[in-house]
Structures are given as structure tokens and as C-alpha cells.
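Using my numbering, you'd call the opening residue of the sequence shown number 10 and step up by one each time.
Positions of the beta carbon are idealized from the N, C-alpha and C atoms, including for glycine.
To keep things clear, I will list the structure first and then write my remarks on it.
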Amino acid sequence: MQPSPLGLEDLDERPELLPPGCGARRIGRDSAWTQPGLRREVRVTCDPTYYDHHSESCELWAPGSPLFRLQRAMALVGSDEGNSCSRQDFLQALGG
10 MQPSPLGLED LDERPELLPP GCGARRIGRD SAWTQPGLRR EVRVTCDPTY YDHHSESCEL
70 WAPGSPLFRL QRAMALVGSD EGNSCSRQDF LQALGG
């Protein structure tokens, strides 16, 4: 699989890349994250150093985080490097 030309940080700048129903609002060095199923916004950051200093008040938004549904999306990609996975299916897996 090719490396992604975008990183998690780019989602703040490109909200159209977010799965349907999800949102990120910048509030300093972290963001307020919303997604279907959450009752309220959750503070998230993609910066591990920032997270180390603020782990009591925010989540590290990275693969493996409960808020980052990469495992489900990657299951769609499978062994054919994503050639049979549509963008819509991938976004739906990320959004729940």
C-alpha cells in the first residue's frame, strides 16, 4: 500500500475528507470531535507530545484509538491493497 499523501492533521483543514456525520472543530492545539453515537464533543489531538501533557482532557486521535475506526476500514481494504474497496464503503466503515 502506498503511503498516504495526507495525514490525520489534514482532516482539520479538509472537512470534506471526514466520514459522513463526523466533524472536527479546531480549539487550539486540539479539536472538538463529533461522530454519530457520541452524546457530546470529545477533545482530540493528533500530536503525541501535546497528548502526553494533556491526556486527562483529550484523546490521542490515531489508529487504535476508540474514536478512530481504522481497523474496520482496513478490513475492507484486505489483501488486494484496496483495489476492490470503494471510497463510499471505506468512508462508511470509518463513520460507523
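Residues of its chain near residue 54, where Cβ-Cβ distance is below 8 Å and the 5 sequence neighbours each way are ignored
Setting aside the 5 residues that flank it on each side, residue 54 is surrounded in the same chain by 38, 39, 40, 60, 63, 67, 68, 69 and 70, each with a C-beta closer than 8 Å to its C-beta; the list follows chain order.
N- and C-terminal bounds of the beta strand (DSSP E) containing residue 42
Unbroken beta strand (DSSP E) run through residue 42: 40-43.
Within 10 Å of its beta-carbon, does residue 11 have 16 or more other beta-carbons around it, so buried, or fewer, so exposed?
Residue 11 comes out exposed.
Where the beta strand (DSSP E) through residue 33 begins and ends:
Run containing residue 33: 32-35, per the beta strand (DSSP E) assignment.
Residue range of the unbroken beta strand (DSSP E) whose run includes residue 49
Segment: none, residue 49 is in no beta strand (DSSP E) and carries neither H nor E.
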